[in-house]
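Residue numbers (my numbering), protein chains in the order written: chain S, 1 to 561; chain R, 562 to 702. Structure, as structure tokens:
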């Protein structure tokens with residue numbers, strides 16, 4: 001099987017990590033979560049106007065930080081350094097894929113999306129392709145992305161939670177499982193609270209806390225262990241030659257093809273992720289949309305340029321203190337997933353500082369999971385239930401369906417994260433393959449080729465979903481096929497690995513969508529005009545969508561058609 | 562009126578002022594959008610920037626790792642001063658850094674394009690349509 005990093009262990013207990021209840025770190029985690037809520041509450045009070053309209057006055061730098069906060073999940077905070085520590089140069093495909101995608105998003109989608117004025121994937125797809133079925137498929141995809149993405153977050157919460165709170169000794173559950181379930185329950189509670197408090201406004205604060213926790217940890221570790229002084233992001237170079245060849249030698253862990261497949265999948269997946277899209281809703285015009293993407297990439301790069309340094313420090317400290325990180329048995333994936341915390345601990349820093357770093361990891365996981373669950377549940381309650389199943393649904397009924405779907409997402413995630421078979425970053429990358437395959441082609445063609453029509457989009461998205469499932473089944477992801485053994489077809493495992501399947505399936509979806517669109521009718525005039533409105537360089541009013549502009553024009557000159 | 566009427570069917574503009582004039586008379590709601598066939602002067606200029614950026618992006622993103630396959634010995638040698646192996650530096654720092662610089666470059670280019678065509682995003686837009694000129698060129702800018 002060519003999937004990355006097949007390491008797994010049944011107990012999922014990171015070796016070397018000091019697992020016990022720690023009062024101060026526990027207090028820091030609680031304080032951090034609480035402060036997110038308090039800040040949200042303060043914004044809520046300060047802002048009596050309609051939250052959304054007021055929110056649109058957010059500027060470049062603020063929105064850039066919000067983009068960063070939105071982006072930083074357990075996969076960035078913990079998983080990135082983990083993969084670099086475990087898989088060396090292959091792990092860098094994640095650094096590259098998760099940053100460079102923002103440039104593609106910027107040049108092809110950001111400003112046009114802002115003008116189109118629809119910010120959830122189901123809304124965009126449903127309105128652009130005039131189809132409730134397309135809306136439903138996009139909603140199901142959004143739900144699936146939320147679920148798959150959250151599994152990696154749950155794993156991160158469980159592992160770091162184990163460090164902070166220790167093993168509570170619940171019969172029948174391992175320490176990891178108890179902590180994972182505890183934090184998923186906390187997340188759902190947090191979500192209920194933050195939903196009421198309008199948490200979207202406190203993302204600047206969230207970003208600052210997370211980046212400070214990560215960088216303080218890195219600087220302190222580098223300093224305490226004597227690796228670095230003022231610029232660990234460059235100074236870890238001195239360490240590379242001392243580390244085992246697996247850390248830096250190219251293609252010893254995975255092939256060149258898998259590297260490219262992973263990077264492509266992650267970069268284009270970035271452009272198709274529903275929760276990334278929403279960030280363009282809060283800016284006043286497309287110029288701000290552009291510049292805040294630039295700032296967002298800058299704020300993300302701060303973390304991503306630091307992660308390899310953390311990985312290098314962690315790998316070296318692990319080898320010195322526990323056992324050689326590479327070779328047999330080497331570092332387990334559970335230890336790698338907490339390498340950021342482990343490195344800080346092994347360098348002999350006080351436990352409150354280790355706790356602060358760990359708290360950042362948990363906070364990143366909880367906040368991202370909350371955002372994903374909101375997107376997933378609104379896809380079900382708003383786009384599928386209220387729009388398709390029960391068009392007369394009352395607000396109350398919609399809310400009940402929304403809450404039920406959050407619980408469903410939570411239960412599904414906990415079940416899948418009970419015994420996760422891959423590291424955090426690999427789990428999350430399945431969601432990127434899905435976004436790159438099903439949603440990115442719809443956004444791209446929908447905005448850049450007005451001829452794309454309903455039939456093309458429907459066929460394309462269904463093809464995409466099937467193509468995404470093939471490698472997942474082949475590799476038995478989440479234990480769904482043959483109890484996790486999968487179908488094990490070598491050709492597919494080699495050329496269409498689940499972790500980077502979009503390299504094959506995304507171009508296929510493009511071709512299918514284009515061919516079917518060409519074989520069927522032109523989309524209606526109003527739809528094509530909406531696309532055109534997205535490309536006009538002329539400013540448009542803040543609270544207006546392309547649809548409204550077109551509707552207004554059509555009323556003015558009905559003879560146009 | 563046919564739906565893909567465009568005022569500009571010539572492959573390139575004449576003097577810049579001319580291009581700007583024609584752009585200002587363009588009604589985007591009557592202009593076909595196809596990424597491979599930009600139909601207004603502005604979109605042509607814009608897509609030139611986009612494709613240039615995208616091409617450079619392919620090199621900064623996938624170039625270092627590909628070079629490592631092609632010339633492993635050169636790429637794994639150590640850089641002077643910094644001490645990184647070249648391939649590690651190119652991938653871990655060149656990739657994200659390249660995209661960041663490209664992003665800033667693109668956003669600046671777009672601002673310059675707006676300036677060239679006299680588009681101002683700083684003033685609040687009150688005209689709900691955002692379209693100022695009639696499609697049939699009734700107004701000269």
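For every residue, glycine included, the Cβ atom is placed at its ideal position computed from N, Cα and C.
Query - residue 55(S), buried or exposed, once every other Cβ within 10 Å from all chains shown has been counted against 16 - result: Note that residue 55(S) scores a pLDDT of 44, beneath 50, so its modelled location is shaky; the value from the coordinates is reported in the next line. So residue 55(S) ends up on the buried side.
Query raised in the report: Can you tell me the Cα-Cα spacing of residue 419(S) and residue 176(S), whole angstroms?
Result: So the two alpha carbons sit approximately 9 Å from each other.
Query raised in the report: Enumerated in chain order, which unbroken segments of the beta strand (DSSP E) with a length of 3 residues or greater are wholly contained in the segment 372 to 430 of chain S?
Result: Within the segment 372 to 430 of chain S, not a single complete beta strand (DSSP E) segment reaches 3 residues in length.
Requested in this report: Round the Cβ separation of residue 306(S) and residue 215(S) to the nearest angstrom and send it over; I've been treating them as touching at under 8 Å.
Outcome: 6 Å between Cβ atoms; contact.
Requested in this report: Could you check if residue 22(S) is buried or exposed, using at least 16 other CB atoms within 10 Å of its CB as the buried criterion?
Outcome: So residue 22(S) ends up on the buried side.
Report task. Give the residues from the segment 401 to 425 of chain S that approach chain R closer than 7 Å (Cβ to any Cβ), ordered along the chain. Result -> From the segment 401 to 425 of chain S, no residue has a Cβ closer than 7 Å to chain R.
**Report entry** Amino acids of chain R, ordered along the chain, whose beta-carbon sits closer than 9 Å to that of residue 550(S)
**Finding:** Within chain R, the residues near residue 550(S) are 590.
Report task. Flag this pair as yes or no: are the beta carbons of residue 32(S) and residue 363(S) separated by less than 7 Å? Result -> Yes, the pair counts as a contact, with Cβ atoms nearer than the cut-off.
Query raised in the report: Do you know whose CA, among 151(S), 204(S) and 154(S), lies nearest residue 65(S)'s CA?
Result: When only C-alpha atoms are compared, the closest one is 204(S).
Query - Span separating the alpha-carbon of residue 377(S) from that of residue 394(S) - result: Between the alpha carbons of residue 377(S) and residue 394(S) lies a gap of roughly 16 Å.
**Report entry** Rounded C-alpha distance that separates residue 501(S) from residue 671(R)
**Finding:** Near 33 Å, if we compare the C-alpha coordinates of residue 671(R) and residue 501(S).
**Report entry** Top-ranked residue by Cα proximity to residue 644(R), from 25(S), 239(S) and 312(S)
**Finding:** Of the candidates 25(S), 239(S) and 312(S), the one whose C-alpha sits nearest the C-alpha of residue 644(R) is 239(S).
Query raised in the report: To which residues of the same chain is residue 119(S) closer than 7 Å at the C-beta, ignoring the five residues directly before and after it?
Result: Within the same chain, and ignoring the five residues on either side of residue 119(S) in sequence, the residues whose Cβ sits closer than 7 Å to its Cβ are 277, 278, 280 and 281.
Requested in this report: Note down, in chain order, every chain S residue with its Cβ under 8 Å from the Cβ of residue 675(R).
Outcome: By Cβ distance, chain S contributes 287 and 537.
Requested in this report: Leaving out five residues on either side along the sequence, give the residues of the same chain with a beta carbon under 7 Å from the beta carbon of residue 135(S).
Outcome: The residues are 122, 125, 126, 383 and 387.
Query raised in the report: Quick one, are the C-beta atoms of residue 14(S) and residue 338(S) less than 7 Å apart?
Result: Cβ atoms of residue 14(S) and residue 338(S): closer than 7 Å.
Requested in this report: Report yes if the CB atom of residue 253(S) is closer than 7 Å to the CB atom of residue 90(S), and no otherwise.
Outcome: Against a cut-off of 7 Å, the Cβ pair of residue 90(S) and residue 253(S) comes out as a contact.
Report task. Look at the alpha carbon of residue 105(S) and the alpha carbon of residue 270(S), and state the distance between them as a whole number of angstroms. Result -> Residue 105(S) and residue 270(S): Cα-Cα distance of roughly 8 Å.
Requested in this report: Would you mind sorting residue 433(S) into buried or exposed? The rule is 16 or more other CB atoms within 10 Å of its CB.
Outcome: Its Cβ being crowded by 16 or more others within 10 Å, residue 433(S) is buried.
Requested in this report: Answer yes or no: do residue 530(S) and residue 541(S) have a C-beta to C-beta separation smaller than 7 Å?
Outcome: Taking 7 Å as the Cβ cut-off, residue 530(S) and residue 541(S) do not qualify as a contacting pair.
Requested in this report: Kindly give me the distance between the Cβ atoms of residue 410(S) and residue 151(S), rounded to whole angstroms, as I take these residues to be in contact under 8 Å.
Outcome: No, residue 410(S) and residue 151(S) are not in contact; Cβ-Cβ is about 12 Å, not under 8 Å.
Query - Start and end residues, alpha helix (DSSP H) containing residue 14(S) - result: Neither: residue 14(S) is in no alpha helix (DSSP H) and is coded neither H nor E.
**Report entry** Straight-line Cα distance separating residue 536(S) from residue 610(R)
**Finding:** Approximately 16 Å, taken between the alpha carbons.
Query - Nearest-angstrom beta carbon gap, residue 274(S) and residue 375(S) [assumed within contact, 8 Å] - result: That pair is a contact at about 5 Å.
Query raised in the report: What are the start and end residues of the alpha helix (DSSP H) that includes residue 660(R)?
Result: Where residue 660(R) is concerned, the enclosing alpha helix (DSSP H) stretches over 656 to 677.
Requested in this report: For residue 302(S), I'd like the list of residues in its chain whose CB is within less than 7 Å of its CB, leaving aside the five on either flank, ordered along the chain.
Outcome: The answer, listed in chain order, is 211.
Query raised in the report: From this set, 334(S), 462(S), 227(S) and 59(S), which residue's C-alpha is nearest residue 309(S)'s C-alpha?
Result: Closest by alpha carbon: 227(S).
Query raised in the report: In chain order, which continuous runs of the alpha helix (DSSP H) of length 4 or greater are located wholly inside the segment 501 to 540 of chain S?
Result: Those alpha helix (DSSP H) runs which fall completely within the segment 501 to 540 of chain S and span 4+ residues are 502 to 519 and 525 to 533.
Query raised in the report: Mind checking if residue 608(R) is an interface residue toward chain S, Cβ cutoff 7 Å exclusive?
Result: Chain S contact via Cβ: absent.
Requested in this report: Buried or exposed for residue 206(S), please, with buried defined as at least 16 other CB atoms from any protein chain shown within 10 angstroms of its CB.
Outcome: Residue 206(S) should be labelled buried.
Report task. Could you pull out every residue in the same chain whose Cβ sits closer than 7 Å to the Cβ of residue 165(S), ignoring the five residues on either side in sequence? Result -> Closer than 7 Å at Cβ, skipping near neighbours: 21, 26 and 179.
Requested in this report: Classify residue 191(S) as buried or exposed, calling it buried when 16 or more other Cβ atoms lie within 10 Å of its own Cβ.
Outcome: Residue 191(S) is buried by the Cβ-count criterion.
Query raised in the report: So with Cβ pairs under 7 Å, would you call residue 645(R) a contact of chain S?
Result: At least one chain S Cβ lies under 7 Å of residue 645(R).
Query raised in the report: Looking at chain R, which residues of the segment 299 to 322 of chain S have a Cβ within less than 7 Å of any of its Cβ atoms?
Result: Per Cβ criterion, the list reads 301, 304, 305 and 308.
Query raised in the report: residue 595(R) CB to nearest chain S CB: under 7 Å?
Result: Nearest CB-CB separation between residue 595(R) and chain S: below the 7 Å threshold.
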